[in-house]
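First the structure, in the form of structure tokens, and then the observations on it.
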Amino acid sequence: MNIELLEKAKEKIPSNPVLVNMISKRVRQLNNGFSPYVKPLGANEDKLDIALREICEGCLIAEMDF
Numbered sequence: 002m003n004i005e006l007l008e009k010a011k012e013k014i015p016s017n018p019v020l021v022n023m024i025s026k027r028v029r030q031l032n033n034g035f036s037p038y039v040k041p042l043g044a045n046e047d048k049l050d051i052a053l054r055e056i057c058e059g060c061l062i063a064e065m066d067f
């Protein structure tokens with residue numbers, strides 16, 4: 002896991018529980034064959050890093066209904 006990406010993602014999604022849920026759901030989707038919203042940096046890029054980059058670049062957002 003890229004720590005710099007994690008810190009940038011925390012700036013976008015300040016709630017740790019929401020961030021963890023977003024990342025875990027997206028990694029599951031990527032593992033099940035969904036296409037990434039960002040171009041992978043290499044064939045061996047970790048799915049977790051792809052999900053973090055998607056959040057950092059604004060491709061994934063969280064809507065919270067209160």
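With the working numbering applied, the sequence shown closes on residue 67, and no number is skipped along the way.
Ideal placement from N, C-alpha and C gives every residue a C-beta, glycine not left out.
Does DSSP put residue i in a helix, in a strand, or in coil?
i	result
residue 26	helix
residue 134	Residue 134 is absent from the structure shown; the chain starts at 2 and stops at 67.
residue 11	helix
residue 5	helix
residue 32	helix
Residue i lies in the alpha helix (DSSP H); which residues open and close that run?
i	result
residue 57	48-57
Throw me the rounded Cβ distance for the residue i and residue j pair, which I believe falls under 8 angstroms.
i	j	result
residue 14	residue 56	6 angstroms
residue 7	residue 54	With a Cβ gap of about 11 angstroms, residue 7 and residue 54 do not count as contacting.
residue 22	residue 48	In fact, because the Cβ distance is near 16 angstroms, the residues do not count as touching under 8 angstroms.
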